[in-house]
Structures are given as structure tokens and as C-alpha cells.
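Let me begin by presenting the structure, written as C-alpha cells, before commenting on it.
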Amino acid sequence: MGTMRKALYNVGFWIRETGQALDKRQKVNFVWPDAVRNAHEDDKNSVSDAMGVISAVSNIGRFPYVCRRGETDYEARYVCFKIVNNVGETIKCVAVGKWCEFFVNTWSQKISRINYNYDKIVAVLRFWRISSYCGNNVLMSEYGCSRLYIDPIFYELDIPSYLRSFDDGSSDEEDVMMEMVAEN
Numbered sequence: 001m002g003t004m005r006k007a008l009y010n011v012g013f014w015i016r017e018t019g020q021a022l023d024k025r026q027k028v029n030f031v032w033p034d035a036v037r038n039a040h041e042d043d044k045n046s047v048s049d050a051m052g053v054i055s056a057v058s059n060i061g062r063f064p065y066v067c068r069r070g071e072t073d074y075e076a077r078y079v080c081f082k083i084v085n086n087v088g089e090t091i092k093c094v095a096v097g098k099w100c101e102f103f104v105n106t107w108s109q110k111i112s113r114i115n116y117n118y119d120k121i122v123a124v125l126r127f128w129r130i131s132s133y134c135g136n137n138v139l140m141s142e143y144g145c146s147r148l149y150i151d152p153i154f155y156e157l158d159i160p161s162y163l164r165s166f167d168d169g170s171s172d173e174e175d176v177m178m179e180m181v182a183e184n
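Numbering-wise, the sequence shown is residues 1 to 184 according to the UniProt record's numbering.
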């Protein structure tokens, strides 16, 4: 009859709910908002990473682009958004092409859920390039190498404690109000 063959497969899964590990060979190179705003031409030659809470999202725009026959205009679409770090500084970002579609789909799914209560949504940008857009320096997705994670679970980054750092400033005001209620 036939011979029995044994095959071994190495299959990797990316499951968003259980988390994923960053590659040990890849170092995270987070960029500061000042470095983006005041970037020189030499700084625009390398890619950077950023992390923050999404604070503002614009409508989908479209670059002037003529599609070839059989192509779609997905690569001409873009969306602008701002992320805020835990110090309160903002970085303007522009997602282009497939990352625009991914961002808009994921963002709209998150904010349209019935259990969404204006929670903070974290965005981690990997391998984005500092570019000039409308006269301002922004982080822009680069074709082929950029990655975008929305509300990720990374074991190397402690995102829950990062989110708790946003809530530290408002706790004093709440305590003062509680003391006044107790006095009356």
C-alpha cells in the first residue's frame, strides 16, 4: 500500500484576547511629541514607535490619486487622529491605505459597542515615519512596514498601569467634593 509520512508543522496564532509577545530582537523606540513636532530632515529617515490614548479622530480623506485599471482607491484614503501620552502631550498621526481601513473599522466597532462608556482606547503605533502633512510634522504609516494595534495586550508593556496614570489628576477634586457633602 502506501507509506505513512509524518509531517510537522509550526503554526503561530495571533489571538488578540490572550495577548501577544513583542519579538525579543525588536526594540521599542518610542518617540516623544516634541521630537515629532521639531523633527529635522535626518529624523525623517528612520521609523519610530508611539503609544497613547486616542483623543480625536477626523473623517476619512482622500489624496488625489488615479487608480490603474482593476485597482481600488484604498491606498489613497487616509484618516487623521491624535494620541495623548500620559504626560498630556499630543502627537498627530495619519493612517494611510490599509491602516486607514483597519483604524476606521476597529475604532467604529469599539465605540459602537453597547458596553462602551467613553473608555480610553490605547493605540500602539509601530514603525511609523515622521512625515510632513499640511505643513506639520506628523507620524504617518509607511507602506509595508507599519503596524497599528488598538487596545492591545502586550506582556512587555504594562498598559493597565499606563491607563491608571491618566486618572491620577482627577482624584483630588472628587475627594474634596466628598468632604463637603459629609460636612453638610
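Glycine residues also receive a C-beta, built at the ideal position from the N, C-alpha and C atoms.
Because the structure is a prediction, the values reported are computed rather than measured.
Inset, instruction - Look at residue 100 and residue 78 and say whether their C-beta atoms are less than 7 Å apart. - result: Going by C-beta atoms, residue 100 is nearer than 7 Å to residue 78.
Legend entry - Nonlocal neighbours in the same chain, by C-beta distance under 6 Å from residue 126, ignoring five residues either side: For residue 126, same chain residues with a beta-carbon under 6 Å away, outside a window of 5 residues either side, are 49, 147 in chain order.
Inset, instruction - Over the uninterrupted alpha helix (DSSP H) stretch that includes residue 34, give me the two end residues. - result: Taken as a continuous stretch (DSSP letters only), the alpha helix (DSSP H) holding residue 34 covers 33 to 37.
Inset, instruction - Give me whichever residues DSSP pairs with residue 80 in a beta bridge. - result: Per DSSP, 94.
Inset, instruction - Please name the residue in 47, 156, 33 whose C-alpha comes closest to that of residue 141. - result: Nearest of 47, 156, 33 to residue 141, Cα basis: 47.
Inset, instruction - Report all residues from its chain with a CB closer than 6 Å to the CB of residue 52; omit the five preceding and five following residues, and keep chain order. - result: Counting only Cβ-Cβ distances below 6 Å, and skipping sequence neighbours, we find 83, 84, 85.
Inset, instruction - Evaluate contact between the region 160 to 168 and the region 131 to 139, counting only Cβ atoms and requiring at least three cross-stretch pairs below 8 Å. - result: No: fewer than three Cβ pairs fall under 8 Å.
Inset, instruction - Tell me the start and end of each unbroken alpha helix (DSSP H) in the region 119 to 167 that is at least 4 residues and wholly inside, in chain order. - result: If we require 4 residues or more, the alpha helix (DSSP H) runs fully inside the region 119 to 167 come out as 159 to 164.
Legend entry - Assigned exposure category for residue 33 - 16 Cβ within 10 Å defines buried: Counting the other Cβ atoms within 10 Å of the Cβ of residue 33 gives 16 or more, which makes it buried.
Inset, instruction - Output the distance between the C-alpha atoms of residue 71 and residue 80, rounded to the nearest integer angstrom. - result: Cα atoms of residue 71 and residue 80: separation of roughly 24 Å, rounded to the nearest angstrom.
Legend entry - With 16 other Cβ atoms within 10 Å as the buried cut-off, status of residue 66: Residue environment analysis places residue 66 among the exposed positions, since fewer than 16 neighbouring C-beta atoms fall within 10 angstroms of its C-beta.
Inset, instruction - Determine the contact status of residue 56 and residue 130, defining contact as a CB-CB distance below 7 Å. - result: No, the pair does not count as a contact, with Cβ atoms beyond the cut-off.
Inset, instruction - Could you have a look at residue 12 and say whether DSSP puts it in helix, strand or coil? - result: The pLDDT assigned to residue 12 is 40, lower than 50, so where the model puts this residue is not dependable, and the model offers no usable value.
Legend entry - Coarse secondary structure for residue 30, derived from DSSP in three states: Three-state result, residue 30: strand.
Legend entry - Start-to-end residues for the beta strand (DSSP E) that takes in residue 48: Taken as a continuous stretch (DSSP letters only), the beta strand (DSSP E) holding residue 48 covers 47 to 57.
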